[in-house]
Amino acid sequence: TPYVVGVPIGSMRKRVEKALKAAENGEGCGVSYDADGAEKAAQDIVVVGESVFSRSLAQAVEDAADKEVSVVCPLETEMGLFAGRDRQAQFEEEIAAALRGFKMVIADPLYRPVAPKNAPFISLPHEAFSGRMFRKDIPNLVDGFDGFLNDLLREVER
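Just so we're aligned: the sequence shown equals residues 9 to 166 in the working numbering.
Here it is in structure tokens:
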């Protein structure tokens, strides 16, 4: 059964489309983002969240902003869905340790208390983490990635 892993956010739209066509033509299945990434953790930006969405967002930000982006996934997941620099951290202490040293954190608002105090925090609510508390603040990044990216870049330039 053909399959493709990835969310069509920003530059990922073309990557997912290309991977879908390849899978349809029997040319292979798999992740549509760069899953081999550097083993050393990038210290620019970190996205905290579910592996596929977060790695897709990280790839889109990397492609658009020329920044290294890592993922910290608090959920059980297949390691093949990560880039080499991504990691899994399930408990509060592990997550706090994994976020140390990053210059910016993108995560559900409930992760703010464990984020480094000196790093800008970009709130990206997700129902799987904060439930309905921030539902009205959840952006549609498939259609609205450019606005999100512009806000993120303004924060990076500060």
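Yeah, the Cβ is synthetic: ideal placement off N, Cα and C, and Gly gets one too.
Checklist entry - Do Ile17 and Leu149 have their C-beta atoms within less than 8 angstroms of each other? => result yes
Checklist entry - In whole angstroms, what is the alpha-carbon distance linking Leu157 and Ile114? => result 12 angstroms
Checklist entry - Taking C-beta to C-beta, are Val39 and Gly14 nearer than 8 angstroms? => result yes
Checklist entry - On the three-state DSSP scale, how would you describe Met87? => result helix
Checklist entry - If you draw a straight line from the alpha carbon of Val164 to that of Leu132, how long is it in whole angstroms? => result 16 angstroms
Checklist entry - By a C-beta neighbour count over all protein chains shown, 10 Å radius and 16 as the cutoff for buried, is Met112 buried or exposed? => result buried
Next on the checklist: Output needed for Lys75: all residues of its chain with C-beta closer than 6 angstroms, excluding positions within five of it in sequence on either side, in chain order.
Outcome noted: Asp52, Ile53
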